[in-house]
Amino acid sequence: MNGRDIQLDEHGRLRHFLTTEGLPRDLLERILDTAGSFTGVIEKSIKTVPLLRGRTVINLFFEASTRTRTTFELAAKRLSSDVLNIDVATSATSKGESLLDMLRNLEAMQCDMFVVRHAESGAAHFIAEHVGDDVAVINAGDGRHAHPTQAMLDMYTIRRHKGAFEPLRVAIVGDILHSRVARSQIHALNGLGAGEVRVVGPRTLLPRDVERLGVHVYHDITEGLRDVDVVITLRLQRERMRGALLPSEQEYYQLYGITEERLALAKPDAIVMHPGPINRGVEIESAVADGERSVILNQVTNGIAVRMAIMSMCLEGRGTPAEEDA
Amino acid sequence: MSGSTLIRGGRIVDPAEGVDRIADLYVADGRIIGLDTPPDGFQPQETIDAAGKLVIPGLVDLAAHLREPGAKHKADIVHELHAAAAGGITTVCASPATQPVIDSTAVLELVQGQAEKAGASRLAPLGALTAGLEGEHLSQMAALTRAGCVAVSDGGRPVGNRLVLRRALEYAATYGITVMLTPQDPDLTSGSAMHEGWVATRLGIAGIPVAAETTALAVALALVEETGARVHFNRLSSARGAAMVARARREGLPVSADVAMHQLFLTEMDVSGFASLCNVMPPLRGESDRSALRRAVADGTIEAVCSDHQPHDTDAKAAPFVAAEPGISGLDTLLALALRLHDENLLPLPDAIARVTSGPAGALGLAAGTLRPGAPADLCVVDPSAPWWLTTETMNSRGHNTPMLGWELTGRVARTLMDGVTVHRTA
Numbered sequence: 035m036n037g038r039d040i041q042l043d044e045h046g047r048l049r050h051f052l053t054t055e056g057l058p059r060d061l062l063e064r065i066l067d068t069a070g071s072f073t074g075v076i077e078k079s080i081k082t083v084p085l086l087r088g089r090t091v092i093n094l095f096f097e098a099s100t101r102t103r104t105t106f107e108l109a110a111k112r113l114s115s116d117v118l119n120i121d122v123a124t125s126a127t128s129k130g131e132s133l134l135d136m137l138r139n140l141e142a143m144q145c146d147m148f149v150v151r152h153a154e155s156g157a158a159h160f161i162a163e164h165v166g167d168d169v170a171v172i173n174a175g176d177g178r179h180a181h182p183t184q185a186m187l188d189m190y191t192i193r194r195h196k197g198a199f200e201p202l203r204v205a206i207v208g209d210i211l212h213s214r215v216a217r218s219q220i221h222a223l224n225g226l227g228a229g230e231v232r233v234v235g236p237r238t239l240l241p242r243d244v245e246r247l248g249v250h251v252y253h254d255i256t257e258g259l260r261d262v263d264v265v266i267t268l269r270l271q272r273e274r275m276r277g278a279l280l281p282s283e284q285e286y287y288q289l290y291g292i293t294e295e296r297l298a299l300a301k302p303d304a305i306v307m308h309p310g311p312i313n314r315g316v317e318i319e320s321a322v323a324d325g326e327r328s329v330i331l332n333q334v335t336n337g338i339a340v341r342m343a344i345m346s347m348c349l350e351g352r353g354t355p356a357e358e359d360a
Numbered sequence: 010m011s012g013s014t015l016i017r018g019g020r021i022v023d024p025a026e027g028v029d030r031i032a033d034l035y036v037a038d039g040r041i042i043g044l045d046t047p048p049d050g051f052q053p054q055e056t057i058d059a060a061g062k063l064v065i066p067g068l069v070d071l072a073a074h075l076r077e078p079g080a081k082h083k084a085d086i087v088h089e090l091h092a093a094a095a096g097g098i099t100t101v102c103a104s105p106a107t108q109p110v111i112d113s114t115a116v117l118e119l120v121q122g123q124a125e126k127a128g129a130s131r132l133a134p135l136g137a138l139t140a141g142l143e144g145e146h147l148s149q150m151a152a153l154t155r156a157g158c159v160a161v162s163d164g165g166r167p168v169g170n171r172l173v174l175r176r177a178l179e180y181a182a183t184y185g186i187t188v189m190l191t192p193q194d195p196d197l198t199s200g201s202a203m204h205e206g207w208v209a210t211r212l213g214i215a216g217i218p219v220a221a222e223t224t225a226l227a228v229a230l231a232l233v234e235e236t237g238a239r240v241h242f243n244r245l246s247s248a249r250g251a252a253m254v255a256r257a258r259r260e261g262l263p264v265s266a267d268v269a270m271h272q273l274f275l276t277e278m279d280v281s282g283f284a285s286l287c288n289v290m291p292p293l294r295g296e297s298d299r300s301a302l303r304r305a306v307a308d309g310t311i312e313a314v315c316s317d318h319q320p321h322d323t324d325a326k327a328a329p330f331v332a333a334e335p336g337i338s339g340l341d342t343l344l345a346l347a348l349r350l351h352d353e354n355l356l357p358l359p360d361a362i363a364r365v366t367s368g369p370a371g372a373l374g375l376a377a378g379t380l381r382p383g384a385p386a387d388l389c390v391v392d393p394s395a396p397w398w399l400t401t402e403t404m405n406s407r408g409h410n411t412p413m414l415g416w417e418l419t420g421r422v423a424r425t426l427m428d429g430v431t432v433h434r435t436a
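See the structure below:
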């Protein structure tokens with residue numbers, strides 16, 4: 035299964051949004067176009083559109099994440115839907131209720147969409163397989179597998195700065211092994227026709243056979259950054275040192291830290307991205323993070339528009355509640 | 010002469026004796042008493058018409074979890090031994106990884122009592138290699154084997170401490186006890202649920218490298234050289250693992266090996282889409298591993314194929330891939346898949362039968378897996394061309410957890426005899 039079977043309906047419309055893998059190019063582009071139309075809304079004084087009026091969105095977060103949850107909540111509210119946040123860490127599953135029992139109970143509340151974050155890879159797929167036909171599932175990050183809305187907002191940011199994807203060389207630097215963001219970025223970049231996608235890191239942080247995802251592998255940062263248009267640097271989790279994957283933050287910074295000096299190897303107009311939160315002095319130099327080529331803060335703003343686009347597209351084929359009442 | 014049975018006109022395939030021809034088979038007093046011509050004064054109380062059917066030794070399965078004691082919500086001994094009989098398996102080597110573990114004669118007697126009550130296939134219990142299968146202290150393996158355990162096993166929980174493993178092998182060797190080991194290095198498998206390859210990379214699931222198997226094999230083989238213990242490697246998963254066992258055998262080490270039947274049909278690709286039913290340990294590996302394992306089965310390097318039967322309740326698999334419990338329910342499919350290996354031209358029919366009868370019996374030195382006169386009359390009559398679909402309705406095991414649901418299979422048991430007594434008959 036390449037993700038297409040469960041994500042798309044018979045007309046090729048989005049039913050769920052679980053992964054960027056296998057999605058057709060025109061659909062990926064339509065998400066970016068739709069996000070573009072919402073960017074105008076956000077910048078207006080009245081920041082809402084009535085697309086999801088009468089709908090109920092449940093943010094189901096099994097893993098804490100203030101930032102991602104907040105942008106989903108804002109996106110849902112700007113689409114005029116009702117939003118319910120469920121912090122599952124303090125909820126029923128910790129009392130022994132199974133995930134499936136919990137879903138059944140929530141579905142009984144007539145919700146239209148689950149936005150799911152979970153520590154296990156495949157959790158969003160599992161939930162999508164078990165909800166009723168009229169409920170959409172959006173993956174807000176599952177284990178190491180996928181974080182497709184984050185990847186789409188990164189694509190949106192890249193397109194705003196760079197235009198077409200074909201001529202672009204993109205380097206993703208760091209802990210690819212544990213990164214759901216990197217996996218989703220790789221599939222999205224390839225799906226949108228990016229010229230070349232590179233991954234850069236030590237072998238302990240690159241998953242086996244990663245080149246089969248459609249990337250070129252570099253272990254030397256100076257080779258990996260040469261002539262690229264986009265540099266995406268990933269957050270390095272402190273626990274990687276405990277798992278014997280790296281000797282120290284210092285050695286990592288020496289070998290893979292994004293510095294002004296190294297950035298000079300990239301194209302003169304290259305942009306620098308980071309999915310956040312940043313470890314300054316570990317994966318990126320402060321001067322770069324705050325520098326003119328950094329688009330890190332734009333990424334956060336664009337997140338709301340992209341999530342509005344995906345949420346509205348997942349529900350657009352399903353008839354509004356008003357029609358159902360009539 | 011009691012319980013005398015004539016099995017008439019079937020194609021007798023007894024690989025241990027090199028027999029493959031249409032013949033009559035004579036059974037009395039629970040034993041095979043003749044082939045072709047009736048023994049003097051033979052009067053059958055029952056005649057089974059086996060025309061157009063195969064008559065083969067009852068299957069011997071080296072690895073099955075029966076879940077009792079401790080997990081009767083998943084399966085129980087009585088039920089699973091009947092399912093085995095329906096699948097043509099007359100000898101079931103039961104894993105010691107129950108709760109409590111089969112590391113004392115008390116638990117062993119409980120298990121044996123349940124098997125007696127079943128009145129179905131034969132239970133051949135495996136004792137725990139270490140107390141509680143915790144890998145720290147030796148179990149009372151001499152007492153366990155005297156009380157009926159056919160071998161001792163790590164129960165799929167590999168011993169990490171090499172000193173303990175060495176002592177366990179030395180102690181077992183003292184009494185000529187066969188040791189069954191699952192070659193998996195515990196440090197290289199922790200936190201993982203699938204083969205470390207590109208599917209795991211796509212799905213973002215921590216992978217188990219082939220080196221988890223080969224490092225454990227290397228350690229065990231070095232200790233076999235040191236101790237002379239007789240070791241059977243349970244459930245190989247990789248091409249390199251099979252090659253290491255082949256080399257050790259050429260060098261004359263007293264080792265043997267089996268593979269789980271599902272490893273010969275499924276690969277990591279079947280996990281795509283987070284298929285919890287394909288969560289098994291050791292994991293489904295790559296296509297090149299699968300074809301190497303098939304070659305090793307064909308050439309006899311791997312002389313046994315087991316069901317690796319691990320029945321579960323539905324809740325155990327109703328979870329995201331990593332959180333699901335590992336294992337496939339395999340008793341129902343062992344025979345039909347062995348026949349399929351032959352249908353796919355991997356090996357001649359007698360060899361396919363040997364891998365599930367005389368091969369596993371030989372690995373543990375069991376008096377089973379043959380139709381030789383004098384042997385226990387454990388046999389099955391099989392309709393080799395009967396098609397059927399694997400569904401929750403056609404499965405006899407209580408565990409319906411198999412990714413093969415919906416497969417069309419060929420070859421169905423018509424009758425199973427154990428000690429000359431019919432323990433299963435298909436209506």
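Residue numbers (this note's numbering), protein chains in the order written: chain A, 35 to 360; chain B, 10 to 436.
We treat Cβ as the ideally placed atom computed from N, Cα and C, and that holds for glycine.
All values reported here derive from a predicted model rather than from experimental measurement.
- DSSP bridge partner residues for Thr267 of chain A (one or two, in chain order): Numbered from its first residue, the first sequence carries residue 267 of chain A at position 233. Under the DSSP definition of a beta bridge, Thr267 of chain A partners with A:Val207.
- So, does the CB of Phe96 of chain A fall closer than 7 angstroms to a CB anywhere in chain B? The count along the first sequence starts at 1 and reaches residue 96 of chain A at position 62. It does not; no Cβ of chain B falls within 7 angstroms.
- Message: Looking at the strands, I want to know which residues DSSP matches up with Glu230 of chain A.
- Response: Locating residue 230 of chain A in the first sequence gives position 196, where the first residue counts as 1. Per DSSP, the beta-bridge partners of Glu230 of chain A are A:Arg203.
- Item | Closest Cα partner of Asp362 of chain A within the set A:Ala205, A:Gln271, A:His250 and A:Gly227 | Given that chain A is displayed from residue 35 to residue 360, the structure contains no residue 362 of chain A and the question cannot be resolved.
- Task: For chain B, find out if any of its Cβ atoms is closer than 7 angstroms to the Cβ of Glu319 of chain A; answer yes or no.
- Result: What you label residue 319 of chain A is simply residue 285 of the first sequence in a count that begins at 1. With 7 angstroms as the cut-off, Glu319 of chain A does not count as an interface residue toward chain B.
- Task: Take the Cβ of His82 of chain B as the centre, count every other Cβ of all protein chains shown within 10 Å, and call the residue buried at 16 or more, exposed below.
- Result: One-based indexing of the second sequence puts residue 82 of chain B at position 73. Classification for His82 of chain B: exposed.
- Item | Unbroken stretches of the beta strand (DSSP E), 3 residues or longer, contained in the segment 266–295 of chain B | Entirely contained in the segment 266–295 of chain B, not one beta strand (DSSP E) run reaches 3 residues.
- Task: Kindly indicate the opening and closing residues of the alpha helix (DSSP H) around His351 of chain B.
- Result: Numbered from 1 along the second sequence, position 342 holds the residue referred to as residue 351 of chain B. Following the DSSP letters along the chain, one finds His351 of chain B inside the alpha helix (DSSP H) bounded by residues Leu343 to Asp352.
- Give me the Cα-Cα distance between Ala84 of chain B and Ala73 of chain B, rounded to the nearest whole angstrom. To locate residue 84 of chain B, count along the second sequence from 1; it is residue 75. To locate residue 73 of chain B, count along the second sequence from 1; it is residue 64. Spanning the two alpha carbons is a distance of roughly 11 angstroms.
- Item | Residue closest to Ser300 of chain B, alpha-carbon to alpha-carbon, out of B:Val280, B:Ala327, B:Val268 and B:Ala284 | On the second sequence, position 291 is the one that residue 300 of chain B refers to. It is B:Val268 whose Cα lies nearest to the Cα of Ser300 of chain B.
- Message: Helix, strand or coil for Leu63 of chain B? Go by DSSP, reduced to three states.
- Response: Against the second sequence, residue 63 of chain B aligns to sequence position 54. Secondary structure of Leu63 of chain B (DSSP, three-state): strand.
- With a 10 Å radius around its C-beta and 16 neighbouring C-beta atoms as the bar for buried, classify Thr310 of chain B as buried or exposed. By one-based count along the second sequence, residue 310 of chain B stands at place 301. Looking at its Cβ environment, which holds 16 or more other Cβ atoms inside 10 Å, Thr310 of chain B is buried.
- Are there 16 or more other CB atoms within 10 angstroms of the CB of Ser282 of chain A, so buried, or fewer, so exposed? One-based indexing of the first sequence puts residue 282 of chain A at position 248. Counting the other Cβ atoms within 10 Å of the Cβ of Ser282 of chain A gives fewer than 16, which makes it exposed.
- Is His433 of chain B near the ligand FMN, judged by its Cβ being under 6 angstroms from some heavy atom? As for the ligand FMN, it is missing from this structure, which has no ligand bound.
- Item | Cross-chain neighbours of Leu293 of chain B in chain A, by beta carbon under 9 angstroms | Taking the second sequence and counting its residues from 1, one reaches residue 293 of chain B at position 284. Those within 9 angstroms of Leu293 of chain B in chain A number zero; the least Cβ separation is about 15 angstroms.
- Query: Which residues in the same chain have their Cβ closer than 7 angstroms to the Cβ of Val87 of chain B, if we skip the five residues on either side of it in sequence?
  - Reply: Taking the second sequence and counting its residues from 1, the one referred to as residue 87 of chain B is at position 78. Sequence-distant partners of Val87 of chain B (beyond 5 residues in either direction) whose C-beta falls short of 7 angstroms from its own C-beta, in its chain, are Gln123, Lys126 and Ala127.
- Are Gly136 of chain B and Pro105 of chain B touching if we call contact CB-CB under 7 angstroms? The sequence position of residue 136 of chain B within the second sequence is 127, counting from 1. The sequence position of residue 105 of chain B within the second sequence is 96, counting from 1. Yes, the Cβ-Cβ distance between Gly136 of chain B and Pro105 of chain B is below 7 angstroms.
- Task: Kindly list, in the order they appear in chain A, the residues whose Cβ is closer than 8 angstroms to that of Trp416 of chain B.
- Result: Numbered from its first residue, the second sequence carries residue 416 of chain B at position 407. Proximity of chain A to Trp416 of chain B at the Cβ level (cut-off 8 angstroms) is not reached, the minimal Cβ distance being about 18 angstroms.
- Item | Whole-angstrom C-beta distance between Val316 of chain A and Leu297 of chain A, which should lie under 8 angstroms | By one-based count along the first sequence, residue 297 of chain A stands at place 263. By one-based count along the first sequence, residue 316 of chain A stands at place 282. Not quite, the Cβ-Cβ distance comes to about 16 angstroms (not below 8 angstroms), so this is no contact.
- CA-CA distance, Leu348 of chain B and Leu172 of chain B? The sequence position of residue 348 of chain B within the second sequence is 339, counting from 1. The sequence position of residue 172 of chain B within the second sequence is 163, counting from 1. Cα atoms of Leu348 of chain B and Leu172 of chain B: separation of roughly 42 angstroms, rounded to the nearest angstrom.
- Task: Enumerate, from N- to C-terminal direction, the unbroken beta strand (DSSP E) stretches of 3 or more residues contained entirely within the segment 53–106 of chain B.
- Result: With a minimum length of 3 residues, the continuous beta strand (DSSP E) runs that stay inside the segment 53–106 of chain B are 55–58, 63–66, 68–73 and 98–103.
- Message: Does chain A have any CB closer than 7 angstroms to the CB of Leu212 of chain B?
- Response: The residue you call residue 212 of chain B lines up with position 203 of the second sequence. Yes, contact with chain A.
- Query: So, is the C-beta of Met35 of chain A closer than 7 angstroms to a C-beta in chain B?
  - Reply: Mapped onto the first sequence, residue 35 of chain A falls at position 1. Confidence is the limiting factor: at Met35 of chain A the pLDDT is only 43, short of 50, which leaves the residue's position unreliable, though a coordinate-based value still follows. Closer than 7 angstroms to some Cβ of chain B, the Cβ of Met35 of chain A qualifies, so yes.
- Task: Assuming Leu356 of chain B and Met270 of chain B form a contact by the criterion Cβ under 8 angstroms, report the distance between their Cβ atoms to the nearest whole angstrom.
- Result: As a first step, residue 356 of chain B is located in the second sequence; it is residue number 347 there, counting from the start. As a first step, residue 270 of chain B is located in the second sequence; it is residue number 261 there, counting from the start. Incorrect: roughly 14 angstroms between the Cβ atoms, too far for contact.
- Item | Cys145 of chain A in three-state terms, based on DSSP | In the first sequence, residue 145 of chain A corresponds to position 111, counting from 1. If DSSP states are grouped into helix, strand and coil, Cys145 of chain A belongs with coil.
- Message: Measuring CB atoms only, is the segment 174–194 of chain B touching the segment 197–214 of chain A, in the sense that at least three cross pairs come out at less than 8 angstroms?
- Response: The segment 174–194 of chain B, when compared against the segment 197–214 of chain A, does not touch it at the 8 angstroms Cβ threshold.
- Message: In whole angstroms, give me the CA-to-CA distance for Gly248 of chain A and Leu230 of chain B.
- Response: On the first sequence, position 214 is the one that residue 248 of chain A refers to. On the second sequence, position 221 is the one that residue 230 of chain B refers to. Rounded to whole angstroms, the gap between the alpha carbons of Gly248 of chain A and Leu230 of chain B is 40 angstroms.
- Give the straight-line distance between the Cα atoms of Ser328 of chain A and Val207 of chain A, rounded to the nearest whole angstrom. Translated into the one-based positions of the first sequence, residue 328 of chain A becomes position 294. Translated into the one-based positions of the first sequence, residue 207 of chain A becomes position 173. Whole-angstrom Cα-Cα distance: 15 angstroms.
- Distance between Leu117 of chain B and Asp121 of chain A (C-alpha atoms, nearest Å): Position 87 of the first sequence, counted from the start, is the residue given in the question as residue 121 of chain A. Position 108 of the second sequence, counted from the start, is the residue given in the question as residue 117 of chain B. Distance from the CA atom of Asp121 of chain A to the CA atom of Leu117 of chain B, rounded to whole angstroms, is 47 angstroms.
- Query: Is any beta-carbon of chain A found at less than 7 angstroms from that of Val268 of chain B?
  - Reply: Looking up residue 268 of chain B in the second sequence gives position 259. Not an interface residue.
- Item | Contact residues within the segment 211–242 of chain A, judged by C-beta distance below 8 angstroms to chain B | Answer in chain order: Arg214, Arg217, Pro241 and Arg242.
- Residues of its chain near Gln184 of chain A, where Cβ-Cβ distance is below 7 angstroms and the 5 sequence neighbours each way are ignored: Numbered from 1 along the first sequence, position 150 holds the residue referred to as residue 184 of chain A. Closer than 7 angstroms at Cβ, skipping near neighbours: Val215, Ser218 and Pro309.
- Query: Bridge partners of Phe242 of chain B, per DSSP?
  - Reply: Counted from its first residue, the second sequence places residue 242 of chain B at position 233. B:Leu190 and B:Ala266, per the DSSP bridge assignment.
- Item | Simplified DSSP assignment, three categories, for Phe96 of chain A | On the first sequence, position 62 is the one that residue 96 of chain A refers to. Looking at Phe96 of chain A - three-state DSSP - the assignment turns out to be coil, as it is neither helix nor strand.
- Query: With 7 angstroms set as the bound, which would you pick, yes or no: does the beta-carbon of Val244 of chain A sit closer than that to a beta-carbon of chain B?
  - Reply: Taking the first residue of the first sequence as position 1, residue 244 of chain A is located at position 210. For Val244 of chain A, the answer is yes, since a Cβ of chain B falls inside 7 angstroms of its Cβ.
- Following the continuous beta strand (DSSP E) through Trp398 of chain B, name the residue where it begins and the one where it ends. As a first step, residue 398 of chain B must be located in the second sequence, where it is residue number 389. For Trp398 of chain B, the enclosing beta strand (DSSP E) begins and ends at Leu388 to Trp398.
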